[in-house]
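Shown next, in structure tokens, is the structure this report addresses.
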Amino acid sequence: MLKLSRGALITTIGWMVSATAMVGAFAFAMVWQSAFNFGGVYPPELVYFLLWPLLAFGAIITYSGARTIHRPILLLFPLASVAIMLITLQYMPCFPIERCLVVP
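Mapping to numbering that gives the first Met the number 0: the sequence shown position 13 is 12, numbers consecutive.
Rendered as structure tokens:
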């Protein structure tokens, strides 16, 4: 049986929470681009902004686990998730708070 330390378990849970936020950002960007290119209903912007507290929560949990096992390098995954979420924000045709003005 696999025996994990408390710190490794906490770090893994933090990574999973961060990964959930990252996958949500990808899904949001794909739906947003699909609605922009092919028409349809835009997803609510609140969804994207609620992913940021989820990512921050995952980073805090990961930080707690990384401190427990004395491995600060484990924080690279949440930091990479922040970078990827900022990149997905770049590919949206307009900033999520504003409404897109599409001229027919």
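Just so you know, even glycine gets a beta-carbon here, dropped at the ideal spot from N, CA and C.
In the structure shown, what three-state DSSP assignment does residue i receive?
i   : result
S4  : coil
P42 : coil
R66 : helix
Can you tell me the Cα-Cα spacing of residue i and residue j, whole angstroms?
i   : j   : result
I59 : A82 : 16 Å
S4  : F35 : 47 Å
Y62 : I72 : 10 Å
F37 : A28 : 14 Å
S33 : A26 : 11 Å
F86 : Y47 : Rather than Phe, the amino acid found at residue 86 in this sequence is Ile. Rounded to whole angstroms, I86 to Y47 spans 13 Å at the Cα level.
R66 : L88 : 30 Å
L75 : A20 : 15 Å
E44 : A18 : 20 Å
S80 : G13 : 12 Å
T11 : G39 : 37 Å
Using CA atoms only, rank isn't needed, just tell me which of the options is closest to residue i.
i   : options            : result
L49 : M84, L3, A65       : M84
I9  : V30, P52, W31, G57 : G57
L54 : M15, K2, F27       : M15
Are residue i and residue j touching if we call contact CB-CB under 8 Å?
i   : j   : result
W51 : Y41 : no
I68 : G6  : yes
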